[in-house]
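Using the UniProt record's numbering, the first residue of the sequence shown is number 1, and each one after it goes up by one.
Ideal placement from N, C-alpha and C gives every residue a C-beta, glycine not left out.
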Amino acid sequence: MGRYVSSNEAIWKIFSFSIHERHPTVVHLAVHLENGQRVYFTAENAAQRAERPPATTLTSFFETCAGDPFAKTLLYSKMPKYYTWNASSKRFQRRKQGQPVPGYENIYSTDALGRIYTVHPNNDQFNGELCATYREACQRLHLLEDDVHWAHTLADAVISSTSHQIRTLFANIISTCFPSSPYNLWNKYKDNMAEDILHRVRSITANPELELISEIHNEVLISLEDLCAMMSGKMLNELGMPAPNRPMHDAFNREFERERQYDTTALSESVQTVNDGNGGIFFIDAPGGTGKAFLISLILNTIRAQSQIALAVASSGIAATLLEGGRTAHSALKLPLNLKTIEEPTCNITKTSAMAKVLQNCKIIIWDECTMAHKRALEALDRTLRDLRSNQIIFGGAMIVLAGDFRQMLPVIPRSTHQIYGDM
Numbered sequence: 001m002g003r004y005v006s007s008n009e010a011i012w013k014i015f016s017f018s019i020h021e022r023h024p025t026v027v028h029l030a031v032h033l034e035n036g037q038r039v040y041f042t043a044e045n046a047a048q049r050a051e052r053p054p055a056t057t058l059t060s061f062f063e064t065c066a067g068d069p070f071a072k073t074l075l076y077s078k079m080p081k082y083y084t085w086n087a088s089s090k091r092f093q094r095r096k097q098g099q100p101v102p103g104y105e106n107i108y109s110t111d112a113l114g115r116i117y118t119v120h121p122n123n124d125q126f127n128g129e130l131c132a133t134y135r136e137a138c139q140r141l142h143l144l145e146d147d148v149h150w151a152h153t154l155a156d157a158v159i160s161s162t163s164h165q166i167r168t169l170f171a172n173i174i175s176t177c178f179p180s181s182p183y184n185l186w187n188k189y190k191d192n193m194a195e196d197i198l199h200r201v202r203s204i205t206a207n208p209e210l211e212l213i214s215e216i217h218n219e220v221l222i223s224l225e226d227l228c229a230m231m232s233g234k235m236l237n238e239l240g241m242p243a244p245n246r247p248m249h250d251a252f253n254r255e256f257e258r259e260r261q262y263d264t265t266a267l268s269e270s271v272q273t274v275n276d277g278n279g280g281i282f283f284i285d286a287p288g289g290t291g292k293a294f295l296i297s298l299i300l301n302t303i304r305a306q307s308q309i310a311l312a313v314a315s316s317g318i319a320a321t322l323l324e325g326g327r328t329a330h331s332a333l334k335l336p337l338n339l340k341t342i343e344e345p346t347c348n349i350t351k352t353s354a355m356a357k358v359l360q361n362c363k364i365i366i367w368d369e370c371t372m373a374h375k376r377a378l379e380a381l382d383r384t385l386r387d388l389r390s391n392q393i394i395f396g397g398a399m400i401v402l403a404g405d406f407r408q409m410l411p412v413i414p415r416s417t418h419q420i421y422g423d424m
């Protein structure tokens, strides 16, 4: 079977003109997730392909960058300009022809183009306006999740949270939520995160007019980096944030030093107040589950280790069982049962009773969960101690430590009913 060649085609071939030409060369560059490249296989080689999938232009690009210093200077889309793709060996190879690249030996460039099929060259435009980056174009097209949600979150926190709490929230956001522009969030809220540090520096320097300066913002960055290191094991420069100006050191060492920076003089004075026996009233206020019972047990053990009497009572039986030697307040202090009906109640304790002797000689009285008690219960204890100790100072000059959490109490609603409280 023959093939007819026209005179035009014959003359074209006689003069060796190109029959087909494509210019410039366009190389398809693959884009995929790790171990997500497309693989063709048969029933015979399926296991082998699954164990060792063939390389793609993307995986070969990373391998080339690992061993070729010049490749490290290129973007993925620029690789075909200086390298050819060997489809059989699945590797990039340096071009041997083209224009020499100044400053690099045996490196040649051509006009070849690398194209990612899913990314068009015009995708960096928005309504005909050229954007600086593809990310900016995507954000203006609302194709990416922006940081408005995180900005609103931080704005809400600024209203009611301390600077330390805002820093903790910010560290959580950049460590676990990966916002698109953490640096912009930092610039917007860095002053709010620095207020407590500014206050501390003003107190130390006795300069109330001191304004926020770069050194204070640097302290905020140090605090944020410590938090991020403990949360995710990453430094700020790995999270798109500026690195603080300091030598790198272990964040846990800073935490250890912070736990030692207490005012020992003030603490010694508090302990001496108990030892002097001059009396006083202290209230331990903290949310539930933060260690009030542990602190009370520590105080009791410290006093009793000196062979002194420390009386521990609580408003409820369960709270009393958590204290060493603890008893309910009604049982230990002989409080009247009808506190609400007695105008000036007193404890049912006579001066010759054993409990009277305990109250006269005890070093400290600790009342846990006192927020559950009626106010007249405390008034009854006050009158009884003044009488037993023959001392008209409040609580008869005894050292009183009250503990509780008003956050767990229902609010006071004037002229309310049981139905209103039941609906809360």
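Tell me whether residue i sits in a helix, a strand or coil according to DSSP, three-state version.
{"i": "THR328", "result": "strand"}
{"i": "GLY404", "result": "strand"}
{"i": "GLY280", "result": "strand"}
{"i": "ALA251", "result": "In this prediction, ALA251 has a pLDDT of 45, which is less than 50 and means its spatial position is unreliable; nothing more can be read from the coordinates."}
{"i": "VAL26", "result": "strand"}
{"i": "VAL313", "result": "strand"}
{"i": "SER16", "result": "coil"}
{"i": "ASN338", "result": "coil"}
{"i": "GLY114", "result": "strand"}
{"i": "LEU143", "result": "coil"}
{"i": "ILE107", "result": "coil"}
{"i": "GLU136", "result": "helix"}
{"i": "PHE92", "result": "strand"}
{"i": "GLY2", "result": "coil"}
{"i": "ASN127", "result": "coil"}
{"i": "MET409", "result": "coil"}
{"i": "PRO100", "result": "strand"}
Give me the residue from the options with the minimum Cα distance to residue i.
{"i": "ALA50", "options": "VAL39, MET241 and THR168", "result": "VAL39"}
{"i": "GLY396", "options": "PRO414, ALA356 and MET372", "result": "ALA356"}
{"i": "ASN192", "options": "ALA151, ALA310 and ASP147", "result": "ALA151"}
{"i": "LEU212", "options": "MET372, CYS228, LYS190 and ALA293", "result": "LYS190"}
{"i": "GLY317", "options": "ASN348, GLU369 and GLN306", "result": "GLU369"}
{"i": "LEU58", "options": "GLN48, PHE92, PRO69 and PHE41", "result": "PHE92"}
Use the C-beta contact count for residue i: other C-beta atoms within 10 angstroms, 16 or more gives buried, fewer gives exposed.
{"i": "CYS177", "result": "exposed"}
{"i": "LEU141", "result": "exposed"}
{"i": "residue 510", "result": "The requested residue 510 is not part of the displayed model; the chain covers only 1 to 424."}
{"i": "LEU130", "result": "exposed"}
{"i": "SER175", "result": "buried"}
{"i": "THR179", "result": "Before going further, note that residue 179 is Pro rather than Thr in the sequence given. Buried is the call here."}
{"i": "THR321", "result": "exposed"}
{"i": "TYR83", "result": "buried"}
{"i": "VAL26", "result": "exposed"}
{"i": "ILE342", "result": "exposed"}
{"i": "ASP276", "result": "exposed"}
{"i": "ALA398", "result": "buried"}
{"i": "PHE252", "result": "Summary for PHE252: the model assigns pLDDT 44, below 50, so the residue's position carries little reliability; its value from the coordinates is reported in the next sentence. Exposed."}
{"i": "ILE204", "result": "exposed"}
{"i": "GLY404", "result": "buried"}
{"i": "ARG52", "result": "exposed"}
{"i": "HIS249", "result": "Confidence in HIS249 is poor, its pLDDT being 42 and thus under 50, which makes the residue's placement unreliable; the coordinate value appears in the next sentence. Exposed: under 16 other Cβ atoms inside 10 Å."}
Measure how close the beta-carbons of residue i and residue j come, nearest whole angstrom, since I'm counting them as under 8 Å.
{"i": "GLY114", "j": "LYS78", "result": "7 Å"}
{"i": "ILE216", "j": "ALA194", "result": "5 Å"}
{"i": "ALA171", "j": "MET231", "result": "6 Å"}
{"i": "LEU337", "j": "ARG376", "result": "No, LEU337 and ARG376 are not in contact; Cβ-Cβ is about 12 Å, not under 8 Å."}
{"i": "ALA310", "j": "ILE394", "result": "Wrong, their Cβ atoms sit about 19 Å apart, outside the cutoff."}
Which whole runs of the alpha helix (DSSP H) in the stretch 196 to 252 are 4 residues long or more, in chain order? 214 to 232
Complete beta strand (DSSP E) runs within the stretch 18 to 81 (minimum length 3 residues, chain order): 26 to 28
Enumerate, from N- to C-terminal direction, the unbroken beta strand (DSSP E) stretches of 3 or more residues contained entirely within the stretch 334 to 385. 364 to 368
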